[in-house]
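See structure below.
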Amino acid sequence: MDLSFSKLFRVSAVDMAAYRLYQATVNQARKPVFYEAWGVPDTPLGRFDAIALHCFLVLNRLKDDAASTSFARKYSGAIFDDMDRNLREMGVGDLSVGKKVRKLAEGFYGRSAAYTKALEDGDSQLAETLGRNLFGDSAQPDAAVLHAVASYMTASVQALQGQPLGSLMEGHVTFALLPGEK
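Just so we're aligned: the sequence shown equals residues -19 to 162 in the working numbering.
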């Protein structure tokens, strides 16, 4: 049995794919349309909410297939590892990082539960849920913006359902097109 020091810190191909998928998710959530056209607050909390929405979409797709359970755990790990890293970069002290990550995780899972229920309940409930969760305490967007974001979210659920699980588990994802994309 080879227990060399380098093997202790080697990252598995599955971990790398989960991280690539998470990075692709974050890249989508950082697209300017969310902040400039739709008015998601361009603040740490607003960016967290946009990332949480997109991570929910990916996890929502992964939950439907038993073969992806382990990968979904790796993907979730990448989400919370990144939260930890970002908090440290923002200067949060070591003693409070765990508490803050736990609070963010609770917020993420609360939003995920709300999005799951809203997708089941239909467009008007989805728009209302997005208004509460994606836009937080900021000035609420008008109904047309909420409808546009809800339509994007619904289209993304469908786009993700159409993607092969293997492609997602290799770290590749395609969300619905945003306004102005081809």
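Note that CB positions come from ideal geometry on N, CA and C, so glycine has one too.
Length at least 4, wholly inside the stretch 25 to 71: the alpha helix (DSSP H) runs in chain order | 49 to 69
Valine -6 and phenylalanine 60 look like a contact to me (Cβ under 8 Å); what is the Cβ gap, rounded to whole Å?
-> Actually they are not in contact, since the Cβ atoms of valine -6 and phenylalanine 60 sit about 17 Å apart, beyond 8 Å.
Apply the 10 Å Cβ neighbour rule to proline 144 and answer buried if 16 or more other Cβ atoms are within range, or exposed otherwise.
-> exposed
Taking C-beta to C-beta, are alanine -2 and alanine 47 nearer than 8 Å?
-> no
Are the stretch 124 to 137 and the stretch 17 to 34 touching by the rule of at least three beta carbon pairs closer than 8 Å?
-> yes
Could you check how far apart the C-beta atoms of alanine 156 and alanine 130 are, in whole angstroms? I think they sit under 8 Å.
-> In fact, because the Cβ distance is near 11 Å, the residues do not count as touching under 8 Å.
Span separating the alpha-carbon of leucine 25 from that of threonine 154 = 24 Å
Check phenylalanine 14 in the structure and name its three-state DSSP category.
-> helix
Would you check if the distance between the CB atom of alanine 9 and the CB atom of histidine 152 is smaller than 8 Å?
-> no
Where do the ends of the alpha helix (DSSP H) carrying valine 125 lie?
-> 123 to 141
How would you call aspartate 29, buried or exposed, if buried means at least 16 neighbouring beta carbons within 10 angstroms?
-> buried
If we count the other Cβ atoms within 10 Å of its Cβ and call it buried at 16 or more, is asparagine 113 buried or exposed?
-> buried
Within 10 angstroms of its Cβ, does tyrosine 89 collect 16 or more other Cβ (buried), or is it exposed?
-> exposed
Would you please state the rounded distance, in angstroms, between the beta carbons of threonine 109 and alanine 98? I believe it to be under 8 Å.
-> 4 Å
Measuring alpha carbon to alpha carbon, tell me which of Arg65, Lys11, Thr134, Asp62 ends up nearest threonine 96.
-> Thr134
Terminal residues of the alpha helix (DSSP H) in which serine 147 lies | 145 to 148
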